[in-house]
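Engineer: Residue numbers (this note's numbering), protein chains in the order written: chain A, 1 to 204; chain B, 1001 to 1650; chain C, 2001 to 2154.
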Amino acid sequence: MSEILLQIDGREVKASEGMTVLDAAQSVGISIPTLCHHEKLDPYGACRICTVEVETGGRTNLVAACIFPVAQDLVVRTRSEQIDQTRKTLLELMLAHAPDAPALLELAQEYGADKDRFEKEPSFCILCGLCVRYCAEVKKANAIGFVDRGPNREINFMPEIASKECWNCKECFPLCPTSYVQAAYHLTEALAFPPPASKPASEE
Amino acid sequence: MPRINSPAELEEFRKDIISKRDPNKPCIAICTGTGCLALGAANVVTALKEEIKKQGLETKVDVETKVDVRETGCPGFCERGPLLVIYPEEICYLQVEPGDAEEIISETIVAKKVIDRLLYAAPGTDNDEKIVRESEIPFYKHQMRNLIGNNIKIDPKNIDDYLAVGGYSALVKALCQETPEQVVEMVKNSGLRGRGGAGFSAGMKWEFARKSPEKTKYVIVNADEGDPGAFMDRALLEGNPHSVLEGLTIGAFAIGSHEGYIYVRQEYPLAVENVGIAIEQAEAQGFLGKNILGSGFDFTIEVHQGAGAFVCGEETALLMSLEGKPGEPRPRPPYPAVKGLWGKPTNINNVETWANVPLIINNGADFLSSIGTESSKGTKIFSLVGKVNNTGLVEVPMGITLRDIIYEVGGGVPGGKKFKAVQTGGPSGGCIPEEHLDIGVDFDQLAKVGAIMGSGGMIVMDEDTCMVDVAKYFLKFLAGESCGKCSPCREGIRQMHKILNNVSEGKGREGDIELLEELCEATRNASLCALGGTAPNPVLNTIRYFRDEYEAHIKEKRCPAYVCKELIAYYIDPDKCTACMICSRKCPAEAIVGAKKQIHVIDQEKCTNCGTCFEVCPSRFSAVTRLSGEPVPPPIPEEERTIVRKSEKK
Amino acid sequence: MTVAKDNGKIDKIIEKYPSEPGSLIQVLLEIQRENRWLPKEALEKVSKKLKVPLNRIQHIVTFYKAFSLVPKGRHEVHVCTGTACHVRGAPRLLDSVQDLIGISPGETDQDLKFSLDTVSCVGCCALGPVMVVDGEYHGKMAPAKSEEVLKNYD
Ligand SMILES: Cc1cc2nc3c(=O)[nH]c(=O)nc-3n(C[C@H](O)[C@H](O)[C@H](O)COP(=O)(O)O)c2cc1C
Ligand code: SF4
Ligand code: FES
Ligand code: FES
Chain A
1 MSEILLQIDG
11 REVKASEGMT
21 VLDAAQSVGI
31 SIPTLCHHEK
41 LDPYGACRIC
51 TVEVETGGRT
61 NLVAACIFPV
71 AQDLVVRTRS
81 EQIDQTRKTL
91 LELMLAHAPD
101 APALLELAQE
111 YGADKDRFEK
121 EPSFCILCGL
131 CVRYCAEVKK
141 ANAIGFVDRG
151 PNREINFMPE
161 IASKECWNCK
171 ECFPLCPTSY
181 VQAAYHLTEA
191 LAFPPPASKP
201 ASEE
Chain B
1001 MPRINSPAEL
1011 EEFRKDIISK
1021 RDPNKPCIAI
1031 CTGTGCLALG
1041 AANVVTALKE
1051 EIKKQGLETK
1061 VDVETKVDVR
1071 ETGCPGFCER
1081 GPLLVIYPEE
1091 ICYLQVEPGD
1101 AEEIISETIV
1111 AKKVIDRLLY
1121 AAPGTDNDEK
1131 IVRESEIPFY
1141 KHQMRNLIGN
1151 NIKIDPKNID
1161 DYLAVGGYSA
1171 LVKALCQETP
1181 EQVVEMVKNS
1191 GLRGRGGAGF
1201 SAGMKWEFAR
1211 KSPEKTKYVI
1221 VNADEGDPGA
1231 FMDRALLEGN
1241 PHSVLEGLTI
1251 GAFAIGSHEG
1261 YIYVRQEYPL
1271 AVENVGIAIE
1281 QAEAQGFLGK
1291 NILGSGFDFT
1301 IEVHQGAGAF
1311 VCGEETALLM
1321 SLEGKPGEPR
1331 PRPPYPAVKG
1341 LWGKPTNINN
1351 VETWANVPLI
1361 INNGADFLSS
1371 IGTESSKGTK
1381 IFSLVGKVNN
1391 TGLVEVPMGI
1401 TLRDIIYEVG
1411 GGVPGGKKFK
1421 AVQTGGPSGG
1431 CIPEEHLDIG
1441 VDFDQLAKVG
1451 AIMGSGGMIV
1461 MDEDTCMVDV
1471 AKYFLKFLAG
1481 ESCGKCSPCR
1491 EGIRQMHKIL
1501 NNVSEGKGRE
1511 GDIELLEELC
1521 EATRNASLCA
1531 LGGTAPNPVL
1541 NTIRYFRDEY
1551 EAHIKEKRCP
1561 AYVCKELIAY
1571 YIDPDKCTAC
1581 MICSRKCPAE
1591 AIVGAKKQIH
1601 VIDQEKCTNC
1611 GTCFEVCPSR
1621 FSAVTRLSGE
1631 PVPPPIPEEE
1641 RTIVRKSEKK
Chain C
2001 MTVAKDNGKI
2011 DKIIEKYPSE
2021 PGSLIQVLLE
2031 IQRENRWLPK
2041 EALEKVSKKL
2051 KVPLNRIQHI
2061 VTFYKAFSLV
2071 PKGRHEVHVC
2081 TGTACHVRGA
2091 PRLLDSVQDL
2101 IGISPGETDQ
2111 DLKFSLDTVS
2121 CVGCCALGPV
2131 MVVDGEYHGK
2141 MAPAKSEEVL
2151 KNYD
């Protein structure tokens, strides 16, 4: 594989084709915040907290580091006033939904985000999709999915599948930055699982 | 329908069609596009056909009086539909009703007399000179109708009509006389830029796709036409589908693709139907399929319907939808030209972009590049709608001023109202105020004033339009249409819409404008696709030109255009009310207290601010007034409500 | 829930298309058009036949506006709220239609007579505001006129 040279925060970084800017940065210990990224999963690019500036052919763009492919002579900046401001606003927007999520609060401190900036709508989910994607990509169970679109987007367990697959897996629980997936599972279990006859013995 | 196997056979076949068509024979071309159908065109067609039978013109052998009725696509003047044009004289009748059929046949077709009543008259000048010929009607006269001009000449369900106007000759030329590289070169030199939004050079895009070494490549027509308020793609696909098929096939040849898709929104059933028929006919005659016209080139087209999602007009979301997935845009790079449908190189262009291709191939690159401005070549079809006298589709050369479009073609703002702004570019676009009406319309000029060309929506707004409401409208639309995957778009738009909603309800706070600007910044910077990336435009743009309106809403709780329901009230001026009772009868909320000879009073508690009373109050009284930002005067005491007329004479 | 006859109809539609994920939306659209809504059994069949996991089908049928997971009324009323119709009074038209048939967009009335939805542009912008009932277009609508139109349905 051909070697690609790029610059991140003024440092020369060697990368290879197929790597993302995030991969390249991490390989030399430059940290970029992420929320929806997971090394076992396909790059997704939904939370956009990893937004960085890239310069190619004299043009500067803001892109998501976790999905942007490295390219020869790319110039990347991982912090700037604009980046920090963007990350701050994004955090404030997400905190309106999940005001107590540790991952968000930690970043909020770093970027000076005010968790009370926007009116609360505690859905407790920031739609990072880690649970949905882990279930589909790693476990191939598809017990949980998204429904609807835009501001109405939600995660949703498929009761028939979840009642069979989830009880001895639950590997998505620790991935969730807000612990909401756990609550959603128990809610589905209580309300929508098929009657016990068809249900395997559950640990609860 | 014979299969045509070579260019020579095509010319033979074409000659045959044309020779059977006597140009002097009367022909009634009536639009049966979606717009005219909505206005009852189907009944007019039936009536005309019956009348022709009744008056015995159907079986007449002498060519002079035998009449053809041709059901055509939309010529763009839907507003005055149902409309028809009678050839060879090119007499244009507007707002035709079934009851007019008899007279049209007996007077115009048989007696060769023009029916005055059905002719075009400039609005408000009923007694002025009427206009007979279609091309002289001001609405058409100032246009340059290279693309939609043929619509009225073609029955979209009959491929012969397309062949009669020279159809598929560009395909012959491309396939049999040019190399794919030459075709790409021609399109590049023509300066054609994509008509779907971003205005990227079509030729360059084709070149990228052409250069890819992959064997399987796809070409796609983007007929999702998501801009709510634009319908030029509908008119082209519905009215002249073969021109799009021909363009697409030429593009496929140039790029080296053998499979094409037309992605059309299911909200356009007639377009779906007509393009389906067109594909069948083109296949039957050998313009599609294997070994097209004996050239050795194979190409097939499949129609896919959208299922109701604006974001699927975005090219990568469109690809997802074609693959049977939710319409969530993919990150670019990789661009579709590298990794598109099913991971293969794919070239996507808009309907109108494809429709331009046959023109370029037939008439040369110079034909297009000689029209327009330095940066934008050719014509553009706009959907001129809203508060303008002549609404409809207008095709104009790039560079024409907005003023000319609105006032010359569009006939200005109706009802003596004042022009306020023109909105271009759909939900990603902007509102352009009076002061910029003299800019020439092209990709760059529009961008300079903070709007965009977009796909060609052009909505005229008058003094009765509230710009906060406009911004709120677009953000509400975008919130509902965001795919919801990435947080800046989903959350940013949601919050912006909330703020705008508050402002319009009088709950705006000091600092809201700045907060909006901050949200705009984050949403634009961080969104995955251009839906979120451009969603701030309607907000930023209205703040830029109409900040005073925002401030009136926030600081004075006043809506200067009397649109925002929560900030207005209706009030009956006791000095003007004549107790005619019209408003009290029409009020759907039964909020108007009044009786004969009793001055009417609006019960503000019950009133829903629907504005019916304001509209129905006869203008000679104008007793109903709108208030905003000021208290409603207390109702006059009941004992003072009886009207005592000074003179009882009537 | 669904009667056997309906299942036959749905099977036929599924058979018509190639059994591949790419057909998914086209198949669902046709079932929706023929059956007027998408019963769960139909989704399960489609899932098996086209080899698309049910959770993705669930996402799709809630993502795209054309689909309905509940039975629709006998008459589908669509009020256009596209920009052109909006500036020409679509909000008032919508208000009055809502009052007339007593339901909000996205709802179906109790006797399954009407379903009401909004649509963003049906391509008749020059005739705004526009209302479509069972695929029939009604242009230049006003609150009073919509009453005239809706009276004709039962
Ligand atoms: C949210 C969004 C919606 C779009 N909708 C359409 C559309 O309805 N029709 C269209 O042709 N292009 C649309 N586009 C632009 C397409 O992404 C793409 O640029 C275009 O189809 C390319 O064709 P062109 O180069 O011929 O313009 C949209 C873009 C975005 C971001
Ligand atoms: S910008 Fe909006 S529409 Fe585009 S990917 Fe993000 S959420 Fe989806
Ligand atoms: S980590 Fe890159 S978008 Fe979420
Ligand atoms: S905006 Fe209503 S038909 Fe186009």
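By construction, the Cβ of each residue, glycine as well, lies at the ideal position given by its N, Cα and C atoms. It should be emphasised that the depicted structure is a prediction, and the values quoted were computed from it without experimental measurement.
Distance check for Ser1169 (chain B) and Ala1008 (chain B), CA to CA, integer angstroms please.
Structural biologist: As a working note, residue 1008 (chain B) is residue 8 in the second sequence. As a working note, residue 1169 (chain B) is residue 169 in the second sequence. Looking at the two C-alpha atoms, the distance is approximately 11 angstroms.
Engineer: Does any residue of chain A bring its CB to less than 8 angstroms from the CB of Thr2083 (chain C)?
Structural biologist: For this step, residue 2083 (chain C) is matched to residue 83 along the third sequence. Answer no: the Cβ-Cβ gap between Thr2083 (chain C) and chain A never drops below 8 angstroms.
Engineer: Using a Cβ cut-off of 8 angstroms (strictly closer), state whether His2075 (chain C) contacts chain B.
Structural biologist: If you number the third sequence from 1, residue 2075 (chain C) lands on position 75. Taking Cβ atoms only, chain B never reaches closer than 8 angstroms to His2075 (chain C), which makes this a no.
Engineer: Let me know the secondary structure DSSP gives Lys1576 (chain B) once reduced to three states.
Structural biologist: As a working note, residue 1576 (chain B) is residue 576 in the second sequence. Reduced to three states, the DSSP call for Lys1576 (chain B) is coil.
Engineer: Does Arg2092 (chain C) come within less than 8 angstroms of chain B when only Cβ atoms are used?
Structural biologist: Counted from its first residue, the third sequence places residue 2092 (chain C) at position 92. For Arg2092 (chain C), the answer is yes, since a Cβ of chain B falls inside 8 angstroms of its Cβ.
Engineer: For Val1063 (chain B), name the three-state secondary structure that DSSP assigns.
Structural biologist: Position 63 of the second sequence, counting from 1, holds the residue named residue 1063 (chain B). Low per-residue confidence applies at Val1063 (chain B): pLDDT is 46, beneath 50, and the placement is therefore not dependable, though the value from the model is reported in the following sentence. Looking at Val1063 (chain B) - three-state DSSP - the assignment turns out to be coil, as it is neither helix nor strand.
Engineer: Is there a C-beta anywhere in chain A that falls below 8 angstroms from the one on Leu2150 (chain C)?
Structural biologist: Translated into positions along the third sequence, residue 2150 (chain C) becomes position 150. No - not a single Cβ of chain A is within 8 angstroms of the one on Leu2150 (chain C).
Engineer: Less than 7 angstroms separating the Cβ of Ala2084 (chain C) from some heavy atom of ligand 4?
Structural biologist: Against the third sequence, residue 2084 (chain C) aligns to sequence position 84. Yes, since a heavy atom of ligand 4 falls inside the 7 angstroms radius drawn around the Cβ of Ala2084 (chain C).
Engineer: Since Met1453 (chain B) and Ile1405 (chain B) are thought to touch, with beta carbons under 8 angstroms apart, how far apart are those beta carbons, to the nearest angstrom?
Structural biologist: On the second sequence, residue 1453 (chain B) is found 453 positions in, with the first residue counted as 1. On the second sequence, residue 1405 (chain B) is found 405 positions in, with the first residue counted as 1. 13 angstroms between Cβ atoms; not a contact.
Engineer: Between the region 1491–1498 of chain B and the region 1419–1439 of chain B, do three or more beta carbon pairs fall short of 8 angstroms?
Structural biologist: The region 1491–1498 of chain B vs the region 1419–1439 of chain B: no contact.
Engineer: Grouping DSSP H, G and I as helix and E and B as strand, with all else coil, what is Val2003 (chain C)?
Structural biologist: Your numbering for residue 2003 (chain C) matches position 3 in the third sequence. Caution is warranted here: a pLDDT of 45 is assigned to Val2003 (chain C), below 50, making its placement in the model unreliable, and the coordinate value is therefore given only provisionally. In the structure shown, Val2003 (chain C) sits in coil (DSSP, three-state: anything other than H, G, I, E or B).
Engineer: Have a look at B:Ile1004, B:Gln1266 and B:Asn1158 and flag the residue whose alpha-carbon is nearest the alpha-carbon of Val2119 (chain C).
Structural biologist: For this step, residue 2119 (chain C) is matched to residue 119 along the third sequence. It is B:Gln1266.
Engineer: Go to Thr1534 (chain B), then tell me how far its alpha helix (DSSP H) extends in each direction, as first and last residue.
Structural biologist: Against the second sequence, residue 1534 (chain B) aligns to sequence position 534. Residues Ala1530 to Thr1534.
Engineer: Going along chain B in order, which residues have a C-beta closer than 8 angstroms to the C-beta of Ile2031 (chain C)?
Structural biologist: As a first step, residue 2031 (chain C) must be located in the third sequence, where it is residue number 31. What Ile2031 (chain C) touches in chain B: nothing, since even the nearest Cβ is about 12 angstroms away.
Engineer: Is the closest heavy atom of ligand 1 to the C-beta of Ile1348 (chain B) under 7 angstroms?
Structural biologist: Indexing the second sequence from 1 puts residue 1348 (chain B) at position 348. Checking every heavy atom of ligand 1 against the Cβ of Ile1348 (chain B), one is found closer than 7 angstroms.
Engineer: Taking the alpha helix (DSSP H) that Cys1489 (chain B) belongs to, which residues open and close that run?
Structural biologist: Taking the second sequence and counting its residues from 1, one reaches residue 1489 (chain B) at position 489. Note, Cys1489 (chain B): alpha helix (DSSP H), Ser1487 to Ser1504.
Engineer: At a cut of 8 angstroms, does the region 1338–1349 of chain B reach the region 1142–1156 of chain B through at least three beta carbon pairs?
Structural biologist: Touching, no.
Engineer: Do Ile1105 (chain B) and Ile1052 (chain B) have their C-beta atoms within less than 8 angstroms of each other?
Structural biologist: Numbered from 1 along the second sequence, position 105 holds the residue referred to as residue 1105 (chain B). Numbered from 1 along the second sequence, position 52 holds the residue referred to as residue 1052 (chain B). Yes; because the gap between Cβ atoms is below 8 angstroms, this pair is in contact.
Engineer: Any idea which residues DSSP pairs Ala1223 (chain B) with across the strands?
Structural biologist: Counting from one through the second sequence, the residue named residue 1223 (chain B) turns up at place 223. According to DSSP, which records beta bridges pairwise, Ala1223 (chain B) is partnered with B:Val1264.
Engineer: Can you list the residues of chain A that Cys1483 (chain B) reaches, using a CB-CB cut of under 9 angstroms?
Structural biologist: Here residue 1483 (chain B) corresponds to residue number 483 of the second sequence, with the count starting at 1. Chain A residues near Cys1483 (chain B): Arg149, Gly150 and Arg153.
Engineer: Just to confirm before moving on: does the CB-CB distance between Tyr1570 (chain B) and Phe1614 (chain B) stay below 8 angstroms?
Structural biologist: Taking the second sequence and counting its residues from 1, one reaches residue 1570 (chain B) at position 570. Taking the second sequence and counting its residues from 1, one reaches residue 1614 (chain B) at position 614. In contact: Tyr1570 (chain B) and Phe1614 (chain B) (Cβ atoms closer than 8 angstroms).
Engineer: Using beta-carbon positions only, say whether Lys1020 (chain B) and Glu1214 (chain B) come within less than 8 angstroms of one another.
Structural biologist: The count along the second sequence starts at 1 and reaches residue 1020 (chain B) at position 20. The count along the second sequence starts at 1 and reaches residue 1214 (chain B) at position 214. No.
Engineer: What is the rounded straight-line gap between the Cα of Met19 (chain A) and the Cα of Glu1481 (chain B)?
Structural biologist: Here the question's residue 19 (chain A) lines up with position 19 in the first sequence. Here the question's residue 1481 (chain B) lines up with position 481 in the second sequence. The alpha-carbon atoms of Met19 (chain A) and Glu1481 (chain B) are separated by roughly 32 angstroms.
Engineer: Using a C-beta to C-beta distance shorter than 7 angstroms, which residues of chain A count as neighbours of Lys2059 (chain C)?
Structural biologist: Here the question's residue 2059 (chain C) lines up with position 59 in the third sequence. Reading the sequence as shown, one finds His at residue 2059 (chain C) and not Lys. Gly145, Phe146 and Val147, listed in chain order.
Engineer: Just to check my reading of the structure: Lys1576 (chain B) and Ala1623 (chain B) have Cβ atoms closer than 8 angstroms, yes? What is that Cβ distance to the nearest angstrom?
Structural biologist: Counting from one through the second sequence, the residue named residue 1576 (chain B) turns up at place 576. Counting from one through the second sequence, the residue named residue 1623 (chain B) turns up at place 623. Indeed they touch by this definition, with Cβ atoms about 4 angstroms apart.
Engineer: For Glu2020 (chain C), is the classification buried or exposed, using 16 other Cβ atoms within 10 angstroms of its Cβ as the cut-off for buried?
Structural biologist: Taking the third sequence and counting its residues from 1, the one referred to as residue 2020 (chain C) is at position 20. Burial call: exposed.
Engineer: Does the CB of Pro2053 (chain C) have a neighbour CB from chain A at under 8 angstroms?
Structural biologist: Position 53 of the third sequence, counted from the first residue, corresponds to residue 2053 (chain C). Chain A, which has a Cβ nearer than 8 angstroms to the Cβ of Pro2053 (chain C), makes this yes.
Engineer: Name, going along the chain, the residues of the region 51–75 of chain A whose beta-carbon falls closer than 8 angstroms to a beta-carbon of chain B.
Structural biologist: Under the 8 angstroms Cβ criterion, the region 51–75 of chain A contributes Thr51, Leu62, Ala64, Ile67, Phe68 and Pro69.
Engineer: With respect to 7 angstroms, is the separation between the Cβ of Gly2123 (chain C) and the closest non-hydrogen atom of ligand 4 below this value?
Structural biologist: Position 123 of the third sequence, counted from the first residue, corresponds to residue 2123 (chain C). True, at least one ligand heavy atom lies under 7 angstroms from that Cβ.
Engineer: Judging by CA-CA distance, which residue of A:Phe124, A:Ala192 and A:Tyr180 is the nearest neighbour of Ala162 (chain A)?
Structural biologist: Start at 1 with the first residue of the first sequence, and residue 162 (chain A) comes out as number 162. Considering only alpha carbons, the answer is A:Ala192.
Engineer: Would you list the residues sitting across from Arg77 (chain A) in a DSSP beta bridge?
Structural biologist: Translated into positions along the first sequence, residue 77 (chain A) becomes position 77. DSSP output for Arg77 (chain A) lists A:Glu53 as bridge partner(s).
Engineer: Using the Cβ count rule (16 or more neighbours within 10 Å means buried), how would you classify Lys2051 (chain C)?
Structural biologist: By 1-based counting over the third sequence, the position of residue 2051 (chain C) is 51. Label assigned to Lys2051 (chain C): exposed.
Engineer: Tell me whether the region 131–146 of chain A and the region 50–64 of chain A touch, counting them as touching only if at least three CB pairs, one residue from each stretch, are closer than 8 angstroms.
Structural biologist: Touching, no.
Engineer: Going along the chain, which residues of its own chain have a beta-carbon closer than 7 angstroms to the beta-carbon of Glu1064 (chain B), five neighbours each way excluded?
Structural biologist: Residue mapping note: residue 1064 (chain B) aligns to position 64 of the second sequence, counting from 1. Only weak support is given to the placement of Glu1064 (chain B): the predicted model assigns it a pLDDT of 49, under 50, and the value that follows is read from those uncertain coordinates. There are no such residues.
Engineer: Here's the rule: buried if 16 or more other CB atoms are within 10 angstroms of the residue's CB, otherwise exposed. What is Ser2023 (chain C)?
Structural biologist: In the third sequence, residue 2023 (chain C) corresponds to position 23, counting from 1. Buried is the call here.
Engineer: Please return the same chain residues whose Cβ sits closer than 6 angstroms to the Cβ of Cys1520 (chain B), not counting the five positions on each side in sequence.
Structural biologist: As a first step, residue 1520 (chain B) is located in the second sequence; it is residue number 520 there, counting from the start. Only Pro1536, Val1539 and Leu1540 meet the Cβ criterion.
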